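If you count by my numbering, then the sequence shown holds residues -12 to 266, one letter each, in order.
Below you'll find the structure, written out as structure tokens, and then a few comments.
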Amino acid sequence: MPAKEPSDIAHAAVATGVKKADLRWDKVLVGSFLAGAYIAFGGLVAIAVSSGLDPRTWGSLPTLFTGLAFTLGLVLVLVAGSHLLTGNMLLVPIGAMQGRLSAADVARNLTLVLIGNVVGALFVAYFLAVQTGVIGQVGSDAGTSGAMTYDRLASIAEAKALHEDNWQIFLRAVGCNWLVCLAVWMSLAADTLSGKVLVIVFPIMAFVAMGFDHVVANMFFLPAAIFAGVPDLGWDDTLRNWLFAFLGNFVGAVVFVATSYWYLYLRDEPSEEKPRELT
-12 MPAKEPSDIA HAAVATGVKK ADLRWDKVLV GSFLAGAYIA FGGLVAIAVS
38 SGLDPRTWGS LPTLFTGLAF TLGLVLVLVA GSHLLTGNML LVPIGAMQGR
88 LSAADVARNL TLVLIGNVVG ALFVAYFLAV QTGVIGQVGS DAGTSGAMTY
138 DRLASIAEAK ALHEDNWQIF LRAVGCNWLV CLAVWMSLAA DTLSGKVLVI
188 VFPIMAFVAM GFDHVVANMF FLPAAIFAGV PDLGWDDTLR NWLFAFLGNF
238 VGAVVFVATS YWYLYLRDEP SEEKPRELT
């Protein structure tokens, strides 16, 4: 069979969410660190390939190049194996909706994954983006690769942290994780590596090209900009963005993907298994 049917995807999503929630806390943290780093790698390569492209010449194509390069992050997460907050916002709650997990299981898993993702993204932002010189700093010589990557990062970070109000961040985050979770959902349908990669590329490219907000990606972009010395950008702006991006991502995952597909394919097939006690 080349691919799973939607009803089979729903059952696979529940099984995957239960498996993630059952993992020991230390394994969740290590896997989450890796996912935060992988998304940061996607953000870093996206900046590198789109820097220096003058919009007066290239129009909106730099955003398309950014989105295409950024897909590396979710490919690494889903193929190599790790735990990403935005994906778990789909997989773990749908397990709870099916009666396989408790609310405490969901809260525990998402909290651990959030912590690991932040640490992984910050690690790449500080050590592998800024300290390596891949991302330049204020005062980098004009025309150098460092200056171009700095300018590109600054434009992305300033747009997200300084030019979007709370409602805009929230709505952009809803749209973002609706698309991200569709990529995760469709990857469960694919039985081949090439199929998984293909279904990941287009939704991820779309959300990046449209300028939507992904909380884990912003765990890389905004701190990297602070570490690189982007003026007027502070941790208060960063935390505000993370808060509303988290809330919007959660709504996008739970309401528009998990609940919708649970209602379509699982609601009439209640699980006989009872929620587990949190240990």
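Every residue gets a Cβ at the ideal spot worked out from N, C-alpha and C, and that includes glycine.
Treat the numbers as computed from the prediction; the structure is a model and nothing was measured.
Margin query: Report the CB separation of LEU88 from ALA8 in whole angstroms; it is logged as a contact under 8 Å.
Written below: 5 Å
Check: Shortest alpha-carbon distance to VAL105 belongs to which of MET206, TYR252, ALA215?
Finding: MET206
Note to self: Tell me the rounded alpha-carbon separation between TRP154 and VAL161.
What the structure shows: 11 Å
Next item on the list: Grab me the residues of PHE199's own chain with a C-beta within less than 6 Å of its C-beta, minus the 5 sequence neighbours each way, in chain order.
Entry: ARG159, GLY162, CYS163
Next item on the list: Determine the burial state of GLU264: buried for a count of at least 16 other Cβ atoms within 10 Å of its Cβ, exposed for fewer.
Entry: For GLU264, the predicted model reports a pLDDT of 48, less than 50, meaning its position is unreliable; a value from the coordinates is still stated below. Exposed, because fewer than 16 other Cβ atoms sit within 10 Å of the Cβ of GLU264.
Check: Using the beta-carbon count (16 or more within 10 Å), is SER222 buried or exposed?
Finding: Note on residue identity: the sequence assigns Trp, not Ser, to residue 222. So TRP222 counts as exposed.
Check: Whose C-beta lies closer than 7 Å to the C-beta of ALA(-1) among residues of the same chain, with five residues either side of it excluded?
Finding: LYS(-9), LEU175
Margin query: Cutting at 7 Å between CB atoms, please list the residues of its own chain near PHE57, excluding the five before and the five after it.
Written below: GLY29, GLY30, ALA33, ILE191, VAL195
Notebook entry, point to check: What residue does the alpha helix (DSSP H) around HIS(-2) start on, and which one ends it?
Noted result: -7 to 9
Next item on the list: Take ALA27 as the anchor and find which of ARG227, VAL117, GLY123, GLY133 has the nearest alpha-carbon.
Entry: VAL117
Notebook entry, point to check: Whose C-alpha, out of ASP178, VAL202, GLY103, is nearest the C-alpha of LEU(-5)?
Noted result: The amino acid occupying residue -5 in the given sequence is Asp; Leu does not appear at that position. Comparing Cα-Cα distances from ASP(-5) to each of ASP178, VAL202, GLY103, the minimum goes to ASP178.
Checklist line | Whole-angstrom distance between ALA90 and VAL238, CA atom to CA atom | finding: 16 Å
Notebook entry, point to check: Can you list, in chain order, the residues of its chain whose CB lies under 8 Å from that of GLY120, leaving out five sequence neighbours each side?
Noted result: GLY133
Note to self: If distances are taken between C-alpha atoms only, which option among GLY235, PHE208, ALA24, ALA245 comes closest to GLY103?
What the structure shows: ALA24
Margin query: Within 10 Å of its beta-carbon, does ASP41 have 16 or more other beta-carbons around it, so buried, or fewer, so exposed?
Written below: exposed
Check: Below 9 Å between beta carbons: does that hold for LEU140 and PHE208?
Finding: yes
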